[in-house]
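Residue numbers for the sequence shown follow numbering that gives the first Met the number 0, so the first one is 0 and each next one is one higher. Here a beta-carbon is modelled for each residue, glycine too, at the ideal position from N, C-alpha and C. What follows is a short report on a single structure.
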Amino acid sequence: MRRHVFVRGAVAVVAAWGVAVASGTAAAASPDGQDKPAGAAAQAAAPAPFDITPNWRNLPRAEVLTSVGPLGFTHAPEDAEPSFGDTYRWTRFGSGESIGLGYGDSNESVGYFGAESDLVVDHQGYDTVLRNAVTGTETKLNLPQGDWFKALAGSSVLVERQVPEDDEGEGTGEIVISGWYILPADGDQSASVPVTGWPAGADMSRARLVAADADAVVLAFPSGSGSDRLALLDLATGKMTVLTADFFGNAALSPGSVAWTDRARQVHVLDRAALDAPEQAFPLPDGLDRARIGLLDGWVLASEDVSGLDADLQRGLVALSVDGKQRIPLLDKSGRGLVSMPGDKVAVVGGTSATDWHLKQISVGVGGVPVLKNLARVEPVPAQVQALALSGGVLSTVELDGPQGAGFYNRSLGLAPGAPTAGAPSWIGKESGRDYDYTACGQSLCTRLFNSGDGRSVYQVRNYEKNPQVEIVGRRSVTEAARALTGNFDGRLTESFGRYAVYQGGRPSIEGMPVPDDKTVVVDLDAAEGSSVVLEQPQTAASVWGETLFTGTTTKGLVAKTDLTTLKQTGTVETGAPCALVELQTAGDWLYWSCEQYTRHGVVNLRTGAKTTLPGVGGSGLLGDGFFVQHQYSGAELRLTTFQSGTVASRYLGVRVGGGGNNNRNAVYSVDRFGGGIAYVDMEGVMHVVQSGEPASPLSAVTAHTPGTLTAPADWQGSWWLSKPAASWKLTLRNTASGAIVRTLTGGEARGRLTAAWNGRTASGAYAPNGSYTWTLTAAPADGQGAALTTSGTFGLTGGAAVARDFVKNDGFGDLLAFTSAGQADWRAGTGTGAGRVEDKVSATGWTGDNTVTAAVPFEDVSGDRCNDVLVRTKAGELRAYTPACGAALKPSTPYKKIGTGWNMFDALTSPGDMSGDGRADLLGRTPTGDLYFYESKGNGLFEPRVKIGYGWQEYLLAGMGDMNADGEGDLVARDRSGNVWRYPATGKGTLGARTKIGYGWTMYDTMVGSGDLNGDGVADLLARDTSGVLWSYRGDGKGALAARTKVGGSWQMYTRLF
C-alpha cells in the first residue's frame, strides 16, 4: 500500500497537506505481474530521480475535511489512489506525517472517521479499528453480531443495534433496528450507554448524524411534514433531546450553542444549556448556502452558494452575528466544508489562490469578532501533463490546466555532472483558431510530442484551412511557430530532428504494424510555405539523425541512408534483422530496429557496425544513446536495457509511471536521444528525470555548416549539430599564411545546434587581413564523459584589411603592376602557389600622353575602403595617390588625390613598408646623385616633409619588400653594380639599419620588385626580371633571406615597367 510520508521543509513530490512528500524512492521490486528480464539481477540499485518543479493547476487542491483534533486532522486528499485503499487520511500538524484510514466513497457522513479528536476510525480492513493517531495504539471494535458502527465523536462510539424481526415476536426474520447505544473508546460492552428519548414513531433506520463534537451529536430523522426533525444527543448520558425544529439544511455545534437552517432560509440558534429557552433566529442573506454552516458562540459562519469547477475560487466565507446585525467577510475564496474543532473553533480550507491554500482555524478573537489562523498548507496540484519530450536537456510539455491554460512549456535542465537542476517552466504558447482532432496538442488532447533538439516543441494539428491535412508545427515561442503541411489527412508524427520531421500516413490497426498503401513523409520546418515536403515515398520504417534519413527497404534487415539536403542515397546499413523493418530510431552511435509488433528488436552501432539483439519484452520503447527504455502499463516501472559497453543488461528503474496502454512514448515518459536523461510522469502527476547511468557516446558533430568564404563586413556563421550537449566551446580563427590567431570566440553550454559568428575583425575591432583562414572548434562534453570534440576547416576572407600588394582578388596574395609601351596597365595576380607565379590579368589602357607613368608604387589603403591604393608619378612629375576599388583595374579615370609636383627629381621611388613604427607604409625616393630621402606617411595619401637618410645610393637597384624577418618593420633590398644583394632593415625611427648580404651574381636583372606574399606562407617574396625577359621568383624565408629562385614565366620584356 502506498503511504504519504510528510516531512519538514522543502521536499520532492507534493502531497495533499502540510509540507510536500519525499519521492523518487519508489518500490524496491517490480509491481506484481510485471515481466522480469531474463537473467537480470533481482533489482539493481535504482538511479536517483530528481524532481521537476511543476506548473501549478489554476484550481486549488480539492479536499474533503471530516474532522479536526488537537494534533491533526482527517481528510480525503485529491491525490489519493482509491485502488490502493487510502482515500481518507489523518495528517499531523507541523510534521505532515500521514496515515491511511481507508475508503470513504459516499461515507462522508459526520463521525465516520471521528470528530474533534485524534482518535480516528480505520476502515481499511474488514474490521473497524479505533486508532490513536498520535500514539499509534489500536483497538479492534468487537461488536455483537448484527450491531453496526455508526460514528465516533470525541472518544465515544455510537453503535446501531440490529436484531432479526422474529426476536420481536413477528416471526418474519427481517432485520430491524432496535436502538442505538454508546461505547467508550476501548469498546467495553459492559460500559455501554443506551440512547434514550427517541420520539414516538421515529424511524431509527433513517436517522443520520448531521453535526458532532466531542460531547454531543445532532441527529436528523424524517417527520411527516417532509422535513427532518432534529435531536441533540448527549454522549455522556445517552439522553436525546428532540428540538422543535423544521430542519431542511445543515446543523452545527459550538460549545455553547446548536444551530440549524430550515427550508425558509431561516437560521435558528439555541443555547445548549437551555434548550427550552427561546431561540434566536434570523434570515440567511441571499447568496449564502444554507446547506453548509459553521458555528462559534455568538456567530454563524456561512459560505456563498456557488457552483462550477472553480467554485472554491469564487466562494466567499462570512460570519453572521446571531442577532442578525453584523456581517463580517472572512475569506474571498474557500472550500465548501466547515468542521468544528475542540474549543470554540471551526476549521475551513481556503486562501487567496491555488498556490496559497491552507487549512485555517476560525475562532473568536479579541474584540469578540472571528479571526483566522493558518494551521497547515494545502499543497497545490501539478498541472496535468498531457505529453512530454526530452531532448538536449530541454524538457518540453503540453499541460492542460497550467497558469496560462492549455499549451506548451519548456524547461532547461542543468547539464553539469553531479546535483541535477531544472529551470522554471517557460510558456511558449498554444494553438488557437484551428480545428482539432485526437492528434492535436495544445487546447485539445495530445498523443505525441517531440523536441527537435534545437529548442522547438514539435507536434501535429489538422489544418482545415488548407484542403484538410495534417500540419507539423515546430513551436519555439509564443510568437514563433514554423508550420509544414504534409499533404496527408490522417497519420502520426513519429520523429523530429532539427529542421526535419518524419510523418507516417494512416493509423495502424495494431501498434507496431505498418499501414499498407500509405506514405512516409519527411518535412522541412524551415522551408518556405508550399515547399515543406522534402521526401515522400511508400510507407516504411524511418528515422532521421542530423541530415541523414534512415529507411527500411524491401530487403530483410537492410536500411538505406539518404542525404536530405541532396536526396541522394549515401549507403546502406545491415542490421541483421530477420524481418522487414517496421520501426527505426537513432541516437548517438546507435540505430534501433524492430519487427512487426515488436516481436524482435535490436540495435546497430553505426560507427563500428556491431549488431546487438535486445531482450524480447513486448511493446514499444524509446532509444537513448546506448540504452533502450520501455513501459508496459499504467503503474508499471520503467524498464531499462543498456548495451553501450557491448554487454546487454536489463533492470527496472524503481519508478512507477502513470498512463494507460503500452504505447505511452512521449506521453508519460520520454528519452533524451542527445544524452542519458529519462523523463517521466509519476502516479501523482509530477514529472521527474532520472539518468540512465549508461555512458554516452563521445561528443561529435552530427552535421556542420561552415561557409567557405566570408566577405566582410558580413558575418561568417558556422553551425554544428552536437550529438550531446557541450558544457563550453571555443572557436579559434587562425590566418593560414601567418599562422597567427586573429580571434578566439568562446561560449558556454550548447544544446543541439551550436552556432558561432565572426565579423572578420580582431579582438581590438580592426579588420583582419584578407586571405585564407583555418577555424578550429573545440567543445567539452557537458556530461564529462569522453574526450572533447575537436573539428576544423578552412575559409577565405575578403573585404577585410588589405594585405600588402594584394589588389586583384582580395585573397591575401601579392600582385604585380606592369605597364606596356602602349600605355596599358596590367595587374598580374599572384596565385598563392609554391612557385610564386603571377598570372591572371586585370587591365586598363589610356596611360599615355599626359598620363604617361614614369614611376608607380603599389601602396597601402589610404582612402579607408580596405582596398590598396597606388602612388603614380606622371611624366610632368606630379605624384598622385590613386584609389581603385578592390579588384578593379587601374585607370587614368580612377579617383586620385594630388600629392605634389616636382617628383621628377627622383629616379627611383619605392615603399619598404613601415619604417617609422607607426604601422603605416612609408615612401623612399632616390635622386640621380644617390641621395636617399624618407617620407613618413600621414595615412591619408599625404606625407610629412622629407628627411635625407643616406647618400651614395646611385649604384643600387632598389626594391621595397615589406617585412622580411617578422620584426614588424619594413625592409629594403638593394643590388649593387657588382651583383651583390643587400637587405637593409628599417629601424622603426625612419632610418635604415646595417645591411646584410643575402645574395650575389644578380647582374642579369634589370628589374626587381617586392611583390608581397606570392605563395601563401605569409612572408614577403621578390620578383626579378632578367634582360632576356624571364621572370624569376624568390621566396622569402621569414628570416630576412631569400630562397633559391624559381622561373615563373618568360617574354616579360613586353612590359616597359614593373612595379
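Considering only residues of the same chain and omitting the five flanking positions on each side of residue i, which have a CB-CB separation below 7 Å?
i: residue 562; result: 546, 547, 569
i: residue 262; result: 226, 245, 247
i: residue 544; result: 496, 585, 701
Spatial neighbours of residue i within its chain, please: CB distance less than 6 Å, with the 5 preceding and 5 following residues excluded, ordered by chain position.
i: residue 106; result: Note that residue 106 has pLDDT 48, beneath the 50 cutoff, so the model's placement of it is unreliable and the number below is only indicative. Once the five neighbours on either side are set aside, residue 106 has no close Cβ partner at all.
i: residue 1056; result: 818
i: residue 1040; result: 997
i: residue 1038; result: 964
i: residue 780; result: 698
i: residue 449; result: 388, 457, 495
i: residue 982; result: 970, 972, 995, 997, 1039
i: residue 445; result: Confidence in residue 445 is poor, its pLDDT being 49 and thus under 50, which makes the residue's placement too unreliable to answer from.
Suppose the cutoff is 8 Å on Cβ atoms and the five residues either side in sequence are ignored; what does the same chain contact list for residue i look like?
i: residue 703; result: 717, 718, 719, 720, 790, 792
i: residue 602; result: 589, 590, 591, 592, 610, 611, 613, 622, 627, 642
i: residue 221; result: 202, 205, 227, 228
i: residue 904; result: 876, 924, 926
i: residue 787; result: 698, 777, 778, 779, 780
Determine the extent of the alpha helix (DSSP H) in which residue i is found, giving its start and end residues.
i: residue 311; result: 310 to 313
State yes or no: is the C-beta of residue i within less than 9 Å of the C-beta of residue j?
i: residue 974; j: residue 1001; result: yes
i: residue 980; j: residue 996; result: yes
i: residue 478; j: residue 504; result: no
i: residue 426; j: residue 454; result: no
i: residue 637; j: residue 656; result: yes
i: residue 311; j: residue 334; result: yes
i: residue 872; j: residue 1010; result: no
i: residue 577; j: residue 599; result: yes
i: residue 1024; j: residue 835; result: no
i: residue 415; j: residue 398; result: no
i: residue 880; j: residue 868; result: yes
i: residue 274; j: residue 208; result: no
Measuring alpha carbon to alpha carbon, tell me which of the options ends up nearest residue i.
i: residue 249; options: 218, 232, 271; result: 218
i: residue 233; options: 247, 222, 195; result: 195
i: residue 293; options: 858, 176, 318; result: 318
i: residue 658; options: 385, 868, 77, 323; result: 385
i: residue 1049; options: 795, 1022, 119, 1036; result: 1022
i: residue 374; options: 865, 820, 68; result: 68
i: residue 117; options: 143, 125, 212; result: 212
i: residue 884; options: 938, 801, 849; result: 801
i: residue 1053; options: 823, 471, 864; result: 823
i: residue 947; options: 955, 930, 938; result: 930
i: residue 394; options: 684, 467, 959, 409; result: 409
i: residue 944; options: 950, 932, 538; result: 932
i: residue 163; options: 93, 276, 1030, 146; result: 146
i: residue 289; options: 962, 265, 378; result: 265
Need the endpoints of the beta strand (DSSP E) that residue i sits in, please.
i: residue 101; result: 97 to 101
i: residue 911; result: 907 to 912
i: residue 727; result: 725 to 734
i: residue 429; result: No beta strand (DSSP E) contains residue 429, which DSSP labels as neither H nor E.
i: residue 693; result: Unbroken run through residue 693: none, as it is neither H nor E.
i: residue 704; result: 700 to 704
i: residue 791; result: 788 to 797
i: residue 551; result: 547 to 551
i: residue 75; result: 71 to 76
i: residue 1037; result: Segment: none, residue 1037 is in no beta strand (DSSP E) and carries neither H nor E.
i: residue 462; result: 456 to 462
i: residue 537; result: 532 to 537
i: residue 349; result: 344 to 352
i: residue 642; result: Unbroken run through residue 642: none, as it is neither H nor E.
For residue i, is the beta carbon positioned less than 8 Å from some heavy atom of the ligand PLP?
i: residue 216; result: Among the components modelled here there is no ligand, and therefore nothing to report on the ligand PLP.
Touch test, the segment 836 to 853 against the segment 812 to 828, Cβ-Cβ under 8 Å, three pairs minimum
yes
Can at least three beta-carbon pairs, one atom from the segment 84 to 94 and one from the segment 337 to 346, be found at a separation below 8 Å?
no
May I ask you to verify whether the segment 913 to 932 touches the segment 881 to 897, counting CB pairs closer than 8 Å and requiring at least 3?
no
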